[in-house]
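What follows is a short report on a single structure.
2 protein chains.
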Amino acid sequence: MTVDETTTLGRRDRKKQQTRAALAAAALRLVAERGLDQVTVEEISEAVDVSARTFFNYFPTKDDALVGDSEGDRDRVLRALAAVPTEQPALEALHRAFTEVVEDMQGDAELWQLRLRVVTQHPVLLARLVTGNATTERALIEAIAARTRLSADDAYPALVVAVAGAALRAAMIRWAAGGGGRLTALLDESFAAVAAGLPDPRTG
Amino acid sequence: MTVDETTTLGRRDRKKQQTRAALAAAALRLVAERGLDQVTVEEISEAVDVSARTFFNYFPTKDDALVGDSEGDRDRVLRALAAVPTEQPALEALHRAFTEVVEDMQGDAELWQLRLRVVTQHPVLLARLVTGNATTERALIEAIAARTRLSADDAYPALVVAVAGAALRAAMIRWAAGGGGRLTALLDESFAAVAAGLPDPRTG
DNA sequence: ATAAAACTTTGCAGAGAGTGCATCTTTGGC
DNA sequence: GCCAAAGATGCACTCTCTGCAAAGTTTTAT
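In order, the protein sequences belong to chains A and B. For the first sequence, my numbering assigns the number 2 to the initial residue and increments by one for each residue that follows. For the second sequence, my numbering assigns the number 2 to the initial residue and increments by one for each residue that follows.
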């Protein structure tokens, strides 16, 4: 309404993506400032100048506006995993698949670091971000089972996926805290430590 | 009201514990039957014959009635960890600490398997059960940092705690699915695999 | 045994999340 | 310019969760 250019330049879908991004950004900014419970959907919507009802047309939940596009992430990880040669050990394959996604995060560093900071401050969200995305985890388990020629009910695929997810999460949190350097480097370190069996730093 | 014995035998706190357990059990049973969103707090409370308002005096959230007493679990794990000699490698120390808690679960097998089944069917809850309990994770990280003489901001403590938690979660889910045998045995397997660096089953 | 103190339960009012439905507006195709 | 499809919106409604005040009950002191 306020800007004619966007309406002229963009077509429908363009504007939709724009609104979506604006809602996510506003949600993130407001929650970072005030905390999760001190921000209502009404306020987020107002900041973007849409109705509260419209917010729910874009995101099923307030939380969903904060954690990002987990469906898109899932697809990307699965495609990346499929691209890794089957001969590669399962753990290494997951490492490579995660690396792709993580490189994208590095590209959007500010957004992602803000998101990760918000998320670590509100554990309810943390769950949904990586581990909590049960659908992704399930899909990864099946992909690993297929490539190791094990049953999806076997212990190994579930374990290696859970542990790899933990390694990813640890790297991301560390990155957001500003501890290390590049996210990919932190991810490499995490996976290297896991592959070595997490030797105690005092002895190993 | 219906039973005089309980009122006579138990004093205030006894009755409170009773109500609390009854609410948790009713919640679990109803959600197992119908699904998380098909059960209201009102119905859970009615099943125990208290008001809905009272439910919220016991649990801050509907979810909390389902996932169990995470505070108690936290204390137990931390105490168990403190009892493990400092010389033990961090991963092994966590293994032993978890073993204690897990033995209690085996004692209450029916309750816990029901709980785990409910929880795996509703990923929102999964998060809160293990990984989601950020406070426990934070406390464990600090405990591990202290015993390894590292900073709590170091990468290692966070990583080993996250991975150990993943191993625990994988074992519990497998146990609830009826896959293996005793939970402690499954936990041992998980930790053994992690300590070995999760070698690909095809090569290792 | 009784009264005061402490605690629990409960009802009520209200904010906020989330959903279904009907309506209105915008946009793209013709 | 006009029509059909899609998006935005308002409205009514359910459910979760909180604060507050009014009972009711148990414990403690006397």
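We put the CB at the ideal spot given by N, CA and C, even for glycine. Predicted model, so just to flag it, every value in this text is computed and none were measured.
- Annotation: the continuous alpha helix (DSSP H) that includes residue 108 of chain A extends over 91-108.
- Using a CB distance below 9 angstroms, the part of the stretch 187-201 of chain B facing chain A consists of 187, 190, 191, 194, 195, 196, 197, 198, 199, 200, 201, ordered along the chain.
- The Cβ-Cβ distance between residue 68 of chain A and residue 141 of chain A does not fall below 8 angstroms.
- The beta carbon of residue 56 of chain A is closer than 7 angstroms to those of 24, 42, 45, 46 in its chain, skipping five residues each way along the sequence.
- In the DSSP assignment, residue 60 of chain B falls outside any alpha helix (DSSP H), carrying neither H nor E.
- Taking 8 angstroms as the threshold, the shortest C-beta distance from residue 32 of chain B to chain A does not fall below it.
- Among the residues facing chain A, residue 157 of chain B is included, as its CB has a counterpart in that chain under 8 angstroms away.
- Distance from the CA of residue 134 of chain A to the CA of residue 71 of chain B, rounded to the nearest whole angstrom, comes to 21 angstroms.
- Interface residue (Cβ-Cβ distance to chain A less than 8 angstroms): residue 164 of chain B is classified as such.
- A Cβ of chain B is located within less than 8 angstroms of the beta carbon of residue 151 of chain A.
- In this chain, the alpha helix (DSSP H) harbouring residue 46 of chain B covers 42-49.
- Note that the C-beta distance between residue 29 of chain A and residue 103 of chain A is not below 8 angstroms.
- Between residue 91 of chain A and residue 185 of chain A, the C-beta gap is not smaller than 8 angstroms, which leaves the two residues out of contact.
- Of all residues in the stretch 86-100 of chain A, only 90, 91, 92 come within less than 7 angstroms of chain B when Cβ atoms are compared, listed by chain position.
- Here the C-alpha atom of residue 107 of chain B lies approximately 8 angstroms from the C-alpha atom of residue 183 of chain B.
- In the structure shown, the three-state DSSP call for residue 183 of chain B is coil.
- DSSP places residue 149 of chain A inside the alpha helix (DSSP H), whose first and last residues are 135-149.
- Annotation: the continuous alpha helix (DSSP H) that includes residue 20 of chain A extends over 13-35.
- Relative to residue 38 of chain A, the option among A:126, A:81, A:76 whose CA is nearest is A:126.
- Using a 10 angstroms sphere on the CB of residue 76 of chain B, the tally of other CB atoms stays under 16, which defines it as exposed.
- Taking 8 angstroms as the cut-off, the beta carbon of residue 171 of chain B is found closer than this to the beta carbon of residue 163 of chain A.
- Spatial neighbours of residue 167 of chain B in its own chain (CB-CB distance under 6 angstroms, excluding positions within 5 residues in sequence) are not present.
- A direct Cα-Cα distance of roughly 50 angstroms separates residue 189 of chain A from residue 19 of chain B.
- Here residue 146 of chain A really is in contact with residue 152 of chain A; their C-beta atoms are around 6 angstroms apart, less than 8 angstroms.
- Remark: C-beta atoms of residue 196 of chain A and residue 198 of chain B approach each other more closely than 8 angstroms.
- Annotated three-state conformation of residue 86 of chain A is coil, per DSSP.
- Within the stretch 107-125 of chain A, those residues whose Cβ lies closer than 7 angstroms to any Cβ of chain B are, in chain order, 124.
- Residues of the stretch 38-58 of chain B with a C-beta less than 7 angstroms from any C-beta of chain A: none at all.
- The beta carbon of residue 169 of chain B sits closer than 7 angstroms to the beta carbons of 99, 131, 188 from its chain, once the five residues preceding and following it are set aside; these are given in chain order.
- Boundaries cannot be given for residue 203 of chain B, as no alpha helix (DSSP H) includes it and DSSP labels it neither H nor E.
- Residue 131 of chain A: not part of any alpha helix (DSSP H); DSSP gives it neither H nor E.
- Within its own chain, the residues whose Cβ lies closer than 8 angstroms to the Cβ of residue 174 of chain A, once the five positions on either side in sequence are excluded, are 117, 121, listed in chain order.
- Residue 197 of chain B: not part of any alpha helix (DSSP H); DSSP gives it neither H nor E.
- Between residue 203 of chain B and the set A:88, A:35, A:66, A:59, the nearest pair of CA atoms involves A:88.
- Burial is judged here by how many other beta carbons sit within 10 angstroms of a residue's own beta carbon; residue 52 of chain B has fewer than 16 and is exposed.
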